[in-house]
Each structure stands twice: as structure tokens, then as C-alpha cells.
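Position in the sequence shown counted from 1, then plus 103, gives you this note's numbering.
For each residue, glycine too, the CB sits at the ideal point set by N, CA and C.
Treat the numbers as computed from the prediction; the structure is a model and nothing was measured.
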Amino acid sequence: MQEIPKIVEAIDEMYMAKAQAYPSKSCHASKIGHPCARYLCYDQVAPEDKKKPNLWLMQRFEIGNVLETVTVNDMQNALAGQGIRVEQTNVPIPENEWNIGGKIDCKLVMPDRSSIPVEIKSIQQFGFAKLDKVEDILNASAVYMRNYYGQLMTYMHFTKSPVGTFIFKELGGAYKQIDMNYDFDFMLGLLNKAALVKERVDLYREAFNEKSGDINLDDYLPERVKFSGNVCGKCPFLSRCCPDMANIEGVENLLDDLELAELCKTRDMLDSYAKDYKKADDAIKAHVKAKMAGAEVGAEKTFLVDGFSLNAKAGKRISYNIPKDVKGQYACEAVTIRTKIESIAPDSE
Ligand code: SF4
């Protein structure tokens, strides 16, 4: 048999040959929402310490670029009849005193000639289903998702647009639009962060030149943020910033507790099943409750569906409406422990 070239291997190698950790020349709009100013400084002055993107990420970037072009094309065709022009700008935002950089994906030019910046994001089905409103982006647990909010806000700021919009394109093809309003206070926070980053980067570069590189970068950087899996765990500068993760302040080393690690892995594996279970369980109970509407206490009924029987019994719950001031007299304090479990692994959306 004639030898067939190893096509996938060749493609993978091609992508990995392009995987570089490039230095940022500015505080990029796509990252300005990141909670750690130290990370934003590293991004400009320590590219050699940045973890390179892996194969999955490189191929994901490529899909993102392709889908962006498809999306702009679809928008152009769909909105032409309404007199709205869709311009794929990719034009950099104007130079500014905070050294914030970035390129706006595209803008809508309305019939009255006003324009609206549009940020296009491709996204996997699981993340797509969780997005309905702008708060879902702003309060997302994944830092990369929260960064989207700061990114579009920055574009709105530099184009003086009171509104902006996200177009999410699911990898299977579906679209979702989420609009947002300009928020001056939020933007002020981003500008202050960018000013701090610029100040530290400038100080470091000045000292570096004066002392011919004989200085310690860390002396010029903002403080580390409190360690967490969601932020530091996903940071491409983790091994530069916290080479000895287990010994940083506020962290206790339990790396030899293999049982605890195994429980975390099991929990992580079952996470999406548990959420689906809860959703289905709540929906079933709501359905049965509706069927039992008006039932007397003690009434019992069995419902039969394909493969299952659902038994329902009407019971009684007694609640006490105690005035707040009376309730307050019986209040007692106790220590509670809240546990947040975050994976220290790269994001895969
Ligand atoms: S590891 Fe944490 S503290 Fe260090 S730069 Fe990254 S996010 Fe900031």
C-alpha cells in the first residue's frame, strides 16, 4: 500500500511552530479587565517567562478568526436592507495617555451616521447556553469571559459610544446578541489600573536602561493578588510569579493529601452532571406541584410516565413570621467555613 502522509501530525506541527508568547506593547483592551495589574505588567516586560499557548489554543484562535469573518459577512447581508452598514474595521483605538491598545472587531454605521462598536466572540456550546444578559459576562467565574466586558467597555470609551454589543457565535453556528451600556465608574477603574501598569512598566524600563539590566523586575511590579485557582491558576506567568506555589502567603501545602486531590478530581468530573441533575430535579418537582395544585393535606397521587412513576403527597409546612426586632434578640454567632473549589488548569471554555 502506498504510504499516506501523516496529515494531522503535519498540521499540528505547523500550528505549534507558530506558538509564540509575544510581548504586549500596551495594556491590551482584551486583558485590561484582568484582576491582576502585576500580570498586565509582566505581559509587557517579561515575554520570555510567559507560558506559550498549547495546540488546542492555537487551533481555537484559528477557528475564532474564521468565524469572525463569517459573522461579519452574515451581519452585512442581514442588515443591508435596514440601511445599516457593517464595517470590519480592526482599526486600532487612538493612542492615549494610559497606553491602552486594541482593535475593534467591527462597527455598525447607523442610518443617522452614529456608530456602535461590536465585539465578536466564538464560543463553545456549554458556555453559549449560559449567556443571556450582560451580567452573565461581567460576573462569569472564568476570567477570560469577564475580560470581554472590560474590552467592549474600553472600545465604547475610545469611540465615545454610549452603547456597544457582543455577537456570540457558537461553534455549531448559532448566534446570540448581548447589548451593553457605557458605565463611567467601571471604565474609571480600568483607566486607573492601566495608569498603574504604565507607571510601573515605565519605572522598570528607565531603571533597566540606567543600570544596564542589573535590577530585579519584581521590585517594580504591583503586589500579587491573593492566590486563587481561577486567577493565578490560569495565569501564563504563574511559574515566574509564584515559582513555589505551595509556600506563598495564605496557602497551606496539602500536596501530599492524595485522597483530597482525588475527591476534587471526582467532583470536577461530575460537575456538569450535578448541574444537569439539579435542573431536571427542580423541573420535575415544579411539574408535579402544578399537577397537584389545590390538593388537600394528606392527598396522595401517583403519576405514570414512560419508564418512571412519580409519587406525590400533599403535606403541611408551618412557618413563623417573627418580627425582625424580636428575632434579633435570639441571634447567636457561629463560625462558618465557605469552601470554593477552583481548578488550576488552563481554560478550555
Ligand atoms: S500568578 Fe497571580 S499574582 Fe502573579 S501575575 Fe499571575 S495573576 Fe498576578
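- The alpha carbon of I166 has as its nearest neighbour, out of P126, S225, V221, the alpha carbon of S225.
- With a contact defined as Cβ atoms closer than 8 Å, A349 and N356 qualify at about 4 Å.
- The residue among Y423, D152, V148, S127 with its C-alpha nearest the C-alpha of P346 is D152.
- Contact between A149 and R343 holds, since their C-beta atoms are separated by about 6 Å, short of 8 Å.
- Inclusion of V334 in the 6 Å shell around the ligand SF4 follows from its C-beta lying nearer than that to a non-hydrogen atom of the ligand.
- The Cβ-Cβ distance between N202 and K301 falls below 7 Å.
- Taking C-beta atoms as the reference points, D208 and E222 count as a pair closer than 7 Å.
- One thing to note: H137 has its Cβ within 7 Å of the Cβ of N250.
- Taking C-beta atoms as the reference points, I440 and G332 fail to come closer than 7 Å.
- The alpha carbon of V173 has as its nearest neighbour, out of L241, V189, W159, M395, the alpha carbon of V189.
- According to the DSSP assignment, S225 belongs to the beta strand (DSSP E) that extends over 218-226.
- Counting of Cβ neighbours within 10 angstroms places Y252 among the buried residues, the total reaching 16 or more.
- At least one heavy atom of the ligand SF4 sits closer than 6 Å to the Cβ of C338.
- Distances from the CA of A298 to each of G204, I240, M119, V354 were compared; the closest alpha carbon is that of G204.
- With 16 or more other CB atoms across the displayed protein chains lying within 10 angstroms of its CB, P220 is buried.
- R327 has its CB nearer than 6 Å to a heavy atom of the ligand SF4.
- Looking at S244, E362, D321, K296, the one whose alpha-carbon comes closest to that of K443 is S244.
- By alpha-carbon distance to S129, the top candidate from K121, M117, Y118, L143 is L143.
- Between F340 and Y118, the C-beta spacing is not below 7 Å.
- Look at Q280 here: in three-state DSSP terms it is strand.
- Per the coordinates, the alpha-carbon of T262 lies some 8 Å from the alpha-carbon of I196.
- Going by DSSP, T268 is part of the beta strand (DSSP E) stretching over 266-273.
- Burial is judged here by how many other beta carbons sit within 10 angstroms of a residue's own beta carbon; G401 has fewer than 16 and is exposed.
- By the Cβ-count criterion, P156 is buried, with 16 or more other Cβ atoms from all chains shown falling within 10 Å of its own Cβ.
- P195 is bridged by DSSP to K206.
- Restricting attention to L255, E112, Y278, V408, the CA atom closest to the CA of L293 is found in L255.
- With contacts defined as CB atoms closer than 7 Å, D215 and L158 fail to qualify as a contacting pair.
- The distance from the Cβ of I240 to that of I270 is about 13 Å, inconsistent with a contact at the 8 Å cut-off.
- Around the beta carbon of K382, a 10 Å sphere encloses fewer than 16 other beta carbons of the protein chains shown; the residue is thus reported as exposed.
- Judged by their CB atoms, M161 and A113 are not nearer to each other than the 7 Å cut-off.
- Collapsing the DSSP output to three states places T405 in a strand.
- Taking 6 Å as the cut-off, one finds no heavy atom of the ligand SF4 near enough to the beta carbon of L366.
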